[in-house]
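Trainee: From first to last, the protein sequence lines are chains A and B.
In our numbering, each residue carries its 1-based index in the first sequence increased by 30.
In our numbering, each residue carries its 1-based index in the second sequence increased by 30.
2 protein chains.
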Amino acid sequence: MTGVRVPGWLADRLRQDDDRSSRAVWSALAEPGDAVAGALVGACGATAALDWVAGAVSGAAPQPVPLGGTDPPDAAARRLRAAAERWAARWHAVDPDRDLAAAARSGARIVAPGDPAWPCGLDDLGALAPFALWVRGAPPSARRSVALVGARACTTYGERVAVDLAAGLAGRSWTVVSGGAYGVDAAAHRGALLVGGTTVVVLAGGVDRAYPVGNARLLEEVVGAGGSLVSEVPPGATPTRSRFLQRNRLIAAMSAGTVVVEAAWRSGAASTAHHAARLLRPVGAVPGPITSAASAGCHRLLREGVAVCVTDVDEVVELAGDVGADVAPAHPEDDTRAVDGLDPLARRVHDGLSRRVPHDTAQVAARAGTTVAQARAMLGLLELEGFARRLGSGWVVDAGE
Amino acid sequence: MTGVRVPGWLADRLRQDDDRSSRAVWSALAEPGDAVAGALVGACGATAALDWVAGAVSGAAPQPVPLGGTDPPDAAARRLRAAAERWAARWHAVDPDRDLAAAARSGARIVAPGDPAWPCGLDDLGALAPFALWVRGAPPSARRSVALVGARACTTYGERVAVDLAAGLAGRSWTVVSGGAYGVDAAAHRGALLVGGTTVVVLAGGVDRAYPVGNARLLEEVVGAGGSLVSEVPPGATPTRSRFLQRNRLIAAMSAGTVVVEAAWRSGAASTAHHAARLLRPVGAVPGPITSAASAGCHRLLREGVAVCVTDVDEVVELAGDVGADVAPAHPEDDTRAVDGLDPLARRVHDGLSRRVPHDTAQVAARAGTTVAQARAMLGLLELEGFARRLGSGWVVDAGE
Numbered sequence: 031m032t033g034v035r036v037p038g039w040l041a042d043r044l045r046q047d048d049d050r051s052s053r054a055v056w057s058a059l060a061e062p063g064d065a066v067a068g069a070l071v072g073a074c075g076a077t078a079a080l081d082w083v084a085g086a087v088s089g090a091a092p093q094p095v096p097l098g099g100t101d102p103p104d105a106a107a108r109r110l111r112a113a114a115e116r117w118a119a120r121w122h123a124v125d126p127d128r129d130l131a132a133a134a135r136s137g138a139r140i141v142a143p144g145d146p147a148w149p150c151g152l153d154d155l156g157a158l159a160p161f162a163l164w165v166r167g168a169p170p171s172a173r174r175s176v177a178l179v180g181a182r183a184c185t186t187y188g189e190r191v192a193v194d195l196a197a198g199l200a201g202r203s204w205t206v207v208s209g210g211a212y213g214v215d216a217a218a219h220r221g222a223l224l225v226g227g228t229t230v231v232v233l234a235g236g237v238d239r240a241y242p243v244g245n246a247r248l249l250e251e252v253v254g255a256g257g258s259l260v261s262e263v264p265p266g267a268t269p270t271r272s273r274f275l276q277r278n279r280l281i282a283a284m285s286a287g288t289v290v291v292e293a294a295w296r297s298g299a300a301s302t303a304h305h306a307a308r309l310l311r312p313v314g315a316v317p318g319p320i321t322s323a324a325s326a327g328c329h330r331l332l333r334e335g336v337a338v339c340v341t342d343v344d345e346v347v348e349l350a351g352d353v354g355a356d357v358a359p360a361h362p363e364d365d366t367r368a369v370d371g372l373d374p375l376a377r378r379v380h381d382g383l384s385r386r387v388p389h390d391t392a393q394v395a396a397r398a399g400t401t402v403a404q405a406r407a408m409l410g411l412l413e414l415e416g417f418a419r420r421l422g423s424g425w426v427v428d429a430g431e
Numbered sequence: 031m032t033g034v035r036v037p038g039w040l041a042d043r044l045r046q047d048d049d050r051s052s053r054a055v056w057s058a059l060a061e062p063g064d065a066v067a068g069a070l071v072g073a074c075g076a077t078a079a080l081d082w083v084a085g086a087v088s089g090a091a092p093q094p095v096p097l098g099g100t101d102p103p104d105a106a107a108r109r110l111r112a113a114a115e116r117w118a119a120r121w122h123a124v125d126p127d128r129d130l131a132a133a134a135r136s137g138a139r140i141v142a143p144g145d146p147a148w149p150c151g152l153d154d155l156g157a158l159a160p161f162a163l164w165v166r167g168a169p170p171s172a173r174r175s176v177a178l179v180g181a182r183a184c185t186t187y188g189e190r191v192a193v194d195l196a197a198g199l200a201g202r203s204w205t206v207v208s209g210g211a212y213g214v215d216a217a218a219h220r221g222a223l224l225v226g227g228t229t230v231v232v233l234a235g236g237v238d239r240a241y242p243v244g245n246a247r248l249l250e251e252v253v254g255a256g257g258s259l260v261s262e263v264p265p266g267a268t269p270t271r272s273r274f275l276q277r278n279r280l281i282a283a284m285s286a287g288t289v290v291v292e293a294a295w296r297s298g299a300a301s302t303a304h305h306a307a308r309l310l311r312p313v314g315a316v317p318g319p320i321t322s323a324a325s326a327g328c329h330r331l332l333r334e335g336v337a338v339c340v341t342d343v344d345e346v347v348e349l350a351g352d353v354g355a356d357v358a359p360a361h362p363e364d365d366t367r368a369v370d371g372l373d374p375l376a377r378r379v380h381d382g383l384s385r386r387v388p389h390d391t392a393q394v395a396a397r398a399g400t401t402v403a404q405a406r407a408m409l410g411l412l413e414l415e416g417f418a419r420r421l422g423s424g425w426v427v428d429a430g431e
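#1: State yes or no: is the beta carbon of alanine 442 of chain A nearer than 8 Å to at least one beta carbon in chain B?
#2: State yes or no: is the C-beta of tryptophan 425 of chain B within less than 8 Å of the C-beta of leucine 375 of chain B?
#3: Whose C-alpha, out of A/Ala142, A/Pro169, A/Gly98, is nearest the C-alpha of valine 207 of chain A?
#4: Between the Cα of glycine 89 of chain A and those of A/Asp381, A/Glu115, A/Arg333, A/Ser136, spot the shortest distance and give me the residue it belongs to.
#5: Check distances from the C-beta atoms of the stretch 266 to 283 of chain A to those of chain B and list, in chain order, the residues that come in under 7 Å.
#6: Fully enclosed by the stretch 149 to 210 of chain A, which alpha helix (DSSP H) runs are 4 residues long or longer?
#7: Following the continuous alpha helix (DSSP H) through glutamate 334 of chain A, name the residue where it begins and the one where it ends.
#8: Shortest alpha-carbon distance to alanine 326 of chain B belongs to which of A/Cys339, A/Ala216, A/Ile281?
#9: Is it the case that the Cβ atoms of arginine 166 of chain A and valine 237 of chain A are separated by a distance below 8 Å?
#10: Strictly under 8 Å for the Cβ-Cβ distance: is histidine 304 of chain B near chain A by that measure?
#11: Tell me, please, which residues DSSP counts as bridged to leucine 421 of chain B.
#12: Mind pulling the alpha helix (DSSP H) runs of 4 or more residues that sit fully within the stretch 242 to 320 of chain A?
#13: Under 8 Å between C-beta atoms, does alanine 60 of chain B make it to chain A?
#14: Counting along the chain, where does the beta strand (DSSP E) carrying valine 141 of chain A start and finish?
#15: If you follow the alpha helix (DSSP H) that valine 87 of chain B is in, where does it begin and where does it stop?
#16: Quick one: what does DSSP say threonine 341 of chain B is sitting in, helix, strand or coil?
#17: At a CB-CB cut-off below 8 Å, which residues of chain B make contact with cysteine 184 of chain A?
#18: Which residues in chain B have a C-beta closer than 7 Å to the C-beta of threonine 241 of chain A? List them in chain order.
#19: Does DSSP put arginine 367 of chain A in a helix, in a strand, or in coil?
#20: Verify the CB distance criterion: does valine 191 of chain A have a CB-CB separation below 8 Å to chain B?
#21: When the Cα atoms are used, what is the spatial distance from leucine 224 of chain B to alanine 337 of chain B?
#22: For valine 214 of chain A, report the span of its alpha helix (DSSP H) as first-last.
#23: Within 10 Å of its beta-carbon, does threonine 19 of chain B have 16 or more other beta-carbons around it, so buried, or fewer, so exposed?
#24: Report buried or exposed for leucine 59 of chain B, applying the criterion of at least 16 other Cβ atoms within 10 angstroms of its Cβ.
#25: For the 8 Å Cβ check, are there 3 or more pairs between the stretch 277 to 284 of chain A and the stretch 148 to 160 of chain A?
#26: Between A/Ile320, A/Leu310, A/Ala324, A/Pro319, which lies nearest to alanine 299 of chain A when the distance is taken from Cα to Cα?
#27: Check threonine 229 of chain A in the structure and name its three-state DSSP category.
#28: Would the stretch 241 to 254 of chain A and the stretch 189 to 198 of chain A be scored as touching if the rule is three or more Cβ pairs under 8 Å?
#29: Would you report the Cα separation of proline 62 of chain A and proline 359 of chain B, rounded to the nearest angstrom?
#30: Which term fits alanine 398 of chain B, buried or exposed, when burial requires 16 or more other beta carbons within 10 angstroms of its beta carbon?
#31: What number of angstroms, rounded off, separates the C-alpha of proline 264 of chain B from the C-alpha of arginine 406 of chain A?
#32: Under 8 Å, do alanine 303 of chain A and valine 290 of chain A count as touching if we go by C-beta distance?
#33: Would you say arginine 116 of chain B lies against chain A (beta-carbon separation less than 8 Å)?
#34: What residues of chain A sit near glycine 318 of chain B, judged by a beta carbon separation below 8 Å?
#35: With C-beta atoms as the reference, is threonine 228 of chain B less than 8 Å away from alanine 222 of chain B?
This is the structure:
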């Protein structure tokens, strides 16, 4: 690092070897999902990696850095050179003091890997993990969180399902993670708030920018209710299309499971689902009418085997919860006492009975296709259980009350 | 067979060794799904098997018959004795001449294994295969048939989907197989008739009994339009609960695939789906709103991995058709030309553009997180494709018309 002309902000960081604020710089310098930046920071640490970039920018021959990975060494070196050019294009626009001041103004702070507030699920992203999170509100809860995502252009069905699932999950102390967009995202956040639950909004732009503007009040409510707004880009950063797509990997990685509530054939929610699947996190999709294009993306995920069909809160908890501990309860209709619950022979004999015309045991056996002895035994059982009764010298169905 | 007193009808059959009409007798003597009867007929032939029963009924010591199967010999012998008692209970009520006369009156005939009209898919049922089919109308088509099944108590959604799928399948010369019940079944038959297609009704009772009575006209229309009514029980036989359940195995076995259109949590349609799965035939389920209990059975089949999610005729044809030859076409939205179709680098550069404020190449590179050279190259491409245009000394998004 000797002999390299560095900006004042970098000189400070190098002196202090302040990993957290070097990561803040990286969050501005590299685009979300820049795997080369992630590998460089992983290999050298955030501060030394900045020093490396300073060298490259100043034109000094940068030292080779072994980044790991499976690329042959010269391909890796080429990728690193190309990345250095990218970073150089931004080098002089980066201003961490401005970003930190903006963060302070909006009540945001930086959370870095290793902090107690760091959602450790993010570490599964490897070189694609964010350098840091800018957080407004409470630390984003790491355990027992579910992502509920879906289309902006949702139907009232999708909105209703998102509110219901979110409220049900929040009511069981699950954190609801989503993207703060109109439609399903907003409904999910609102559902959690409705029952006093915690919800996390993962934004594609800075946490000081309410985006979309129409959800500004909702985002404030989330913070006020003990939830949080998080982003991997610094305050003031614009939400761009590629940042929206990259943001989806954070939603997936911060959650124990991802559920797509309603999504059209092409949809950002499907990208979140695929991120979750790549991280081997469970993915659910809520089915809808096949006559609704708004559910075509969910059905696609089901057909392609990416997602499991989920239809209520129990099934979402089973999906995202601990194997064995969070099994959905039996369907209520499986408990109802009915003729169906009888053993097959008894059911056949029951079928051999009429409701009105009495038949004797031999006739019942012939009608049911059983032996006379079997019919006699089963008629006794059926009488005991209240399914058959004697009428005259024969037997009829006992229809109960 | 010497010394055994046999009814007149049996004496005739034994004299002629008439397999077809002996099978007609078995269809009356054994309940549908009686695997012991199936194994006995399989081992000796239908006529000799009747002779064996005549011996057992008359009290003569019946000869042991090796039925195959995995039971130990004494267990098999015990099962055969019990079965003989069942058959004995019906022996004197069986009257094939009456059944054949009733069949003739209603225009029905017997189709037996080996007949050209025999749906060979039934043979996969092994010992559970029907002895014969009583058929009204055209011979049930064996190739390219799909079962569309579902709840009696369906919603207008289920009815509409059944009609649409059936009409679409019949329009592509697929035969639609169903059970003739109210609700989804009737809608499936009607959908096929709407487009002049062929449909097969598999009944739980005799083919001369319109069941349910409210569908009598529909069943006649099916016959009139070149379809068929089929049953494994003789004319006049009552549709009992266990016959409905057994009937479902025929629907599954006669079809290349089974699709459950709409079904509640507990449902006969689910039993058809399970029969199809056991026969290793493809099973589909049509999803519906999770707020509708009428779709809970479909969602259950999806969750349990029994069924694949199907949402249109193409997907049903892909499910039931020949692998490779009947693949569903690409979704129309996958063809639309859009920014999404650009390569990731071009898309990032596009994201770096504003709609109104022009930026020069270096600014675009910084905004997009690319090198200046990359931004320059991609801007050229984007201009060529109509996604970017020059404005003053910089670049903006070209929003098209």
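Where is the CB? At the ideal position from N, CA and C, for every residue including glycine.
Mentor: On the basis of the supplied data:
#1: With chain A represented from 31 up to 431, any question about residue 442 of chain A goes unanswered, as that position is not in the structure.
#2: no
#3: A/Pro169
#4: A/Glu115
#5: Thr270, Arg271, Ser272
#6: 186 to 201
#7: From DSSP, glutamate 334 of chain A is part of no alpha helix (DSSP H); its letter is neither H nor E.
#8: Considering only alpha carbons, the answer is A/Cys339.
#9: yes
#10: no
#11: B/Gly424
#12: 246 to 254, 271 to 283, 298 to 308
#13: yes
#14: 138 to 141
#15: 76 to 87
#16: coil
#17: Simply none; closest approach about 13 Å.
#18: The amino acid at residue 241 of chain A is misidentified as threonine; the sequence shows tyrosine. Those within 7 Å of tyrosine 241 of chain A in chain B number zero; the least Cβ separation is about 14 Å.
#19: Bear in mind that the predicted position of arginine 367 of chain A carries a pLDDT of just 49, short of 50, making it too unreliable to give a figure here.
#20: Taking CB atoms only, valine 191 of chain A has a neighbour in chain B less than 8 Å away.
#21: 27 Å
#22: 214 to 224
#23: Because chain B spans 31 through 431 in this model, residue 19 of chain B falls outside it and cannot be assessed.
#24: buried
#25: yes
#26: With distances taken between Cα atoms, alanine 299 of chain A lies closest to A/Ala324.
#27: DSSP places threonine 229 of chain A within a strand segment (E or B) once states are collapsed to three.
#28: no
#29: 35 Å
#30: Under this definition alanine 398 of chain B is a buried residue.
#31: So the alpha carbons of these two residues sit roughly 26 Å apart.
#32: Their beta carbons are under 8 Å apart, which means alanine 303 of chain A touches valine 290 of chain A by this criterion.
#33: Taking Cβ atoms only, chain A reaches closer than 8 Å to arginine 116 of chain B, which makes this a yes.
#34: Near glycine 318 of chain B (Cβ distances below 8 Å), the residues of chain A are Pro317, Gly318, Pro319, Ile320.
#35: yes
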